[in-house]
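S.K.: If you're matching positions, the sequence shown starts at 153 in our numbering and goes up one per residue.
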Amino acid sequence: MAEIRDYKKERKDLYLPKNKPMLIDVPEMQFVAVEGKGNPNDESGEYKKAIEVLYGIQYTIKMSKNGKSVPKGYFDYVVPPLEGFWWLDNSKDFSIENKSKYRWISLIRLPEFVNDKVLEWACEEVQKKKNIDTAKAKLLKTKEGLCVQCLHLGPYDDEPKTLKLMEEFIAENSLQSDLSDTRRHHEIYLSNPVKTEKSKLKTILRVPVKGGY
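#1: Kindly indicate which residue of K164, D158, K282 and I176 has the alpha-carbon position closest to the one of L327.
#2: Suppose you measure from the CA of L331 to the CA of E264; what does that come to, to the nearest Å?
#3: Which word fits E147, buried or exposed, when buried means at least 16 other C-beta atoms lie within 10 angstroms of its C-beta?
#4: Which residue or residues does DSSP assign as beta-bridge partners of T355?
#5: For my contact list, P173 and M318 are in at a C-beta cut-off of 8 Å; report their separation, rounded to the angstrom.
#6: Among Y167, K280, L291 and I284, which has the Cα closest to the Cα of V270?
#7: Taking only runs that begin and end inside the region 239-305, name each unbroken alpha helix (DSSP H) of 4 or more residues, in chain order.
#8: On the CB-based measure, 16 or more other CB atoms within 10 Å of its CB, does T314 come out buried or exposed?
#9: Taking 7 Å as the threshold (C-beta atoms), are C302 and L342 in contact?
#10: Output needed for P233: all residues of its chain with C-beta closer than 6 Å, excluding positions within five of it in sequence on either side, in chain order.
#11: Does the separation of the CB atoms of V205 and V186 fall below 7 Å?
#12: Could you check which residue in D333, K200 and A287 has the C-alpha nearest to that of E296?
#13: Rounded to whole angstroms, what is the Cα-Cα separation between F227 and R157?
#14: Identify the continuous alpha helix (DSSP H) that holds P312 and give its terminal residues.
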């Protein structure tokens, strides 16, 4: 039986960090992504719909092994966690306030065998079989580079406490925050918020930086 690839186990530094700030060089990866705006807690908002699209596409690709359209180079894999880039219009900083003004790119990592053609096929399948509009889904390749990250334990609204620790680490190590129009505040969601108590939520926070020790 072929081994099922699990990116979280392969790169624990990327997906299972400790709850103290650390410096990391994030390599290039590819994702299925949907860009949108608005409060992620709005039940009828863009964010909820984006999540539905992303998981629909991911599981269509993963389960293609059971159908007639198996992508070239296919290998089975554990679907990686949901991630998000977050920012506010006209501001390089990110704040948990004014959620209605959020801009975001919601995304899930894709295995290396996925290309534009495979993604296009998966989008068509999801639209046809689940009647979900996949028009906003795209293949996104990104190389974050140098970042400071930390595991945040607890509610999303308590993230400023962890971000403060990260800011102190950045200053202590002669680094500078490098948030910009191309480098965003990044979150990786290791817990299912529907099934997990707020106090036990695990979220990786990642901030782009420049400089060095």
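Cβ coordinates follow ideal geometry from the N, Cα and C atoms, glycine included.
M.R.: If we stick to the structure as given:
#1: I176
#2: 27 Å
#3: This structure cannot settle anything about residue 147, because the visible part of the chain is limited to 153 through 365.
#4: H304 and Y341
#5: At roughly 5 Å, the Cβ-Cβ gap stays under 8 Å, so P173 and M318 are in contact.
#6: L291
#7: 268-282
#8: With 16 or more Cβ atoms within 10 Å of its Cβ, T314 is classed as buried.
#9: no
#10: I340, Y341 and L342
#11: yes
#12: It is D333.
#13: 8 Å
#14: Under the DSSP assignment, P312 falls in the alpha helix (DSSP H) whose first and last residues are E311 to E324.
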